[in-house]
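In UniProt numbering, the protein residues as written are 1 to 530.
Below is one structure, written out as structure tokens; the observations come after it.
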Amino acid sequence: MSVDTERPPTSNIMEVSTYSQVIFDQIQSSYPPGSPLSCTYRLTNQVQPHRKDWVGIFKVGWTTTRDYYTFVWASSPSLSDTNRPAVLSVVFEAYYLPKEDGEFYQFCYVDSNGQVRGASTPFCFQSEAAISLEDDILVVTTKDQVEEIEKEKVALIQENNQQKVMIEGLKKEIEEILLELRKTRESVEELRREKSEVSVNSKKMIEEWEQKLRDKEDCYKEKMELLQSVDTLNNKNAMLVAEIKQLSEEVEKLKKEAIIKTTEVEKLQKKLSAAEEQKKEVEAKLEMQVDQIKLLQFDLTSVQRDNEQLKEKLSGALANVDNVNDLRKENQDLKKSLQEIQERQDPEPQVELLNKQKEHTEIQLIQIKQRAERLEVELSEEKHFRMLAQNTLREMEMKMCSMADQFEFEKKKSSKIEMLLTEKESQLDEEANKVQIKEVQLEDLKRVNEELTRKVERLREELNHTHSPVADHQAPINTDQCPICLHSFPHFTRGQLHEHIESHERRCPFCSLSCGSMSQDEFEDHVYSH
């Protein structure tokens with residue numbers, strides 16, 4: 001809760017020795033809730049007022065100035081009297097005050113640097129009715145309870161006496177502190193005089209120290225950036241190592257596939273060679289069959305020509321047969337004429353003539369019969385040879401058709417094998433190109449990995465030669481805190497803290513496991529295991 005939208009300056013570092021520089025007066029043990037609260041305090045000469053100074057209400061047990069419950073900006077003192085402490089007061093609005101919760105609070109004066117300059121005694125918020133009720137209440141109890149209360153009372157009195165003794169001791173300590181404060185004031189006055197004498201040199205020294213501080217802070221920031229860069233480069237390196245391993249496996253796989261496909265191509269080439277040889281044999285057989293068919297066609301043509309000649313001869317023979325029949329009729333007519341002549345007269349001269357004609361005719365008839373028989377035998381032989389030639393021609397044509405079908409089948413098979421071989425060769429070329437590309441990528445990744453490794457080593461060398469400003473000056477930076485994981489290690493030496501910071505540089509990119517204690521080979525094996 002706050003009475004102002006602007007947050008007051010705070011700090012985590014508490015200096016107990018500054019709590020007495022602002023003194024709070026007239027602090028009551030309790031205040032009524034729901035009404036404005038006025039707070040009176042005095043500024044000693046050790047406090048230089050600033051417009052960013054503020055007064056806050058803190059619950060007892062607070063650890064840093066950020067634990068305030070509410071606050072108001074401190075009042076500015078008048079410049080009339082600078083020799084005595086300035087008495088000032090601020091008012092807290094009732095709306096922002098705590099309720100009646102039974103807790104104890106105290107006022108604290110905080111300067112513009114967030115340092116506590118003064119703290120009041122504890123108080124609580126309690127209504128007047130509750131206070132009067134506590135005063136007027138009548139307690140009815142037993143004798144045992146009274147005895148117990150008496151014992152508690154005696155114990156409380158003893159504790160009160162002890163606290164009084166403690167208070168006396170604290171008063172003595174306060175007097176000693178006040179004496180120390182007076183001495184310190186005198187020292188401060190003397191230092192102020194010295195400061196006025198050496199102000200120019202001190203300003204230069206302050207500027208130099210501020211510049212050194214800025215340089216060391218820049219160096220520290222640069223170191224943190226280098227650590228982050230190393231972490232990033234280690235992650236990239238691990239990813240590149242994993243990618244290199246994956247590419248190597250792919251290259252090996254592609255090489256195995258290329259070997260398998262090369263074997264398949266060799267088998268296909270052998271099949272293609274066998275198919276081409278079989279094709280040549282079929283072509284040679286087909287050419288021989290074509291030559292045989294041509295010879296048979298030539299023989300068939302010769303047979304057909306001879307058949308035509310035989311047909312002509314047969315026609316002539318048939319004509320001769322007709323002539324034989326005519327001669328037979330003529331012979332019969334001659335016989336009849338001879339018989340008639342013999343019956344009528346002595347026909348010796350005519351009979352001789354007719355006998356001669358008859359003999360001549362019979363001889364011609366016998367010759368014609370013999371010739372006709374020879375022609376019939378030749379014709380039957382010619383028919384038989386023609387039938388054989390036609391059967392052989394049909395068989396040759398069937399064989400030729402079968403050979404042509406087989407030739408077409410072998411031709412298609414050969415073309416398929418050629419297409420398959422071409423496809424396998426193209427696939428083999430593609431696989432070879434892929435292998436070459438993967439090998440080029442692998443070489444590039446190895447080169448990048450080597451560059452990253454060199455860069456990491458260079459950054460590590462720079463980190464080893466870089467000094468943190470935390471160890472060289474008192475700054476609000478925690479020297480025992482890791483800048484990466486933000487954990488504090490108060491018992492670590494500088495070397496142990498540096499080793500802890502370096503352990504963040506090697507982290508698995510897959511499972512985010514910190515591998516600072518592993519060697520490089522163990523780290524790579526761990527990354528490959530994913």
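By construction, the Cβ of each residue, glycine as well, lies at the ideal position given by its N, Cα and C atoms.
Task: residue 336 versus residue 329: straight-line alpha-carbon distance, rounded - done: 10 Å
Open item on the list: On the DSSP letters alone, give me the boundaries of the beta strand (DSSP E) that residue 54 sits inside.
Closed with: 54–59
Task: C-beta atoms of residue 431 and residue 257 nearer than 8 Å - done: yes
Open item on the list: Give me the residue from 379, 415, 193 and 251 with the minimum Cα distance to residue 279.
Closed with: 415
Task: Straight-line gap, residue 50 to residue 228 (C-alpha atoms, nearest Å) - done: 40 Å
Task: Reduced DSSP category for residue 38 - H, G, I as helix; E, B as strand; rest coil - done: strand
- [ ] Determine the DSSP secondary structure at residue 106, reduced to helix, strand or coil.
- [x] strand
Open item on the list: Buried or exposed, going by whether 16 or more other CB atoms sit within 10 Å of the CB of residue 56?
Closed with: buried
- [ ] Taking the CB atoms as reference points, tell me whether residue 41 and residue 118 lie closer together than 8 Å.
- [x] yes
Open item on the list: Under DSSP, the beta strand (DSSP E) around residue 118 begins and ends at which residues?
Closed with: 116–119
- [ ] Identify which residue in 309, 447 and 292 has its Cα closest to the Cα of residue 400.
- [x] 292
Open item on the list: On a Cα-Cα basis, can you pick out the residue from 459, 25 and 189 that is closest to residue 86?
Closed with: 25
Open item on the list: In the DSSP output, which residue or residues are listed as bridge partners for residue 43?
Closed with: 22 and 86
- [ ] Please go through the same chain and pick out, in chain order, the residues whose beta-carbon is closer than 7 Å to the beta-carbon of residue 29, but skip the five residues on each side of it.
- [x] 123
TODO: Confirm, please, whether the CB-CB distance from residue 230 to residue 421 is below 8 Å.
DONE: no
Task: Contacting residues, own chain, Cβ-Cβ under 6 Å from residue 8 (five flanking each side not counted) - done: 54 and 71
Open item on the list: Judging by CA-CA distance, which residue of 462, 508, 514 and 178 is the nearest neighbour of residue 224?
Closed with: 462
TODO: Would you mind stating whether residue 109 and residue 74 have Cβ atoms separated by less than 8 Å?
DONE: yes
Task: First and last residue of the uninterrupted beta strand (DSSP E) at residue 72 - done: 68–73
Open item on the list: For residue 482, report the span of its beta strand (DSSP E) as first-last.
Closed with: Segment: none, residue 482 is in no beta strand (DSSP E) and carries neither H nor E.
Open item on the list: Please report the distance separating the alpha-carbon of residue 204 from that of residue 68.
Closed with: 38 Å
Task: Sequence ranges, alpha helix (DSSP H) only - wholly within the region 159–245, length at least 4 - done: none
- [ ] Below 7 Å CB to CB, which residues in the same chain sit around residue 472 once its five sequence neighbours on both sides are set aside?
- [x] With a pLDDT of 41 at residue 472, under the threshold of 50, the modelled position of that residue is not reliable, and no figure is offered here.
Open item on the list: Can you list, in chain order, the residues of its chain with a C-beta nearer than 6 Å to that of residue 244? Leave out the 5 residues immediately preceding and following it.
Closed with: 445
Open item on the list: If contact is defined by three or more beta carbon pairs under 8 Å, each pair taking one atom from either stretch, is the region 58–68 in contact with the region 97–108?
Closed with: yes
- [ ] Let me know the secondary structure DSSP gives residue 511 once reduced to three states.
- [x] coil
Task: Buried versus exposed call for residue 95 [16 or more other C-beta atoms within 10 Å across all chains shown] - done: exposed
- [ ] Compute the distance between the beta-carbons of residue 397 and residue 282, then report whether it is under 8 Å.
- [x] no
Open item on the list: Tell me which residue opens and which closes the beta strand (DSSP E) that residue 125 is part of.
Closed with: 123–125
Task: Bridge partner(s) assigned by DSSP for residue 92 - done: 37
Open item on the list: Please report the distance separating the alpha-carbon of residue 274 from that of residue 267.
Closed with: 11 Å
Open item on the list: Please report the straight-line C-alpha distance between residue 44 and residue 187, rounded to a whole angstrom.
Closed with: 15 Å
- [ ] Could you pull out every residue in the same chain whose Cβ sits closer than 7 Å to the Cβ of residue 128, ignoring the five residues on either side in sequence?
- [x] 32
Task: residue 261 to residue 424 span [Cα, whole Å] - done: 7 Å
TODO: Helix, strand or coil for residue 30, going by three-state DSSP, please let me know.
DONE: strand
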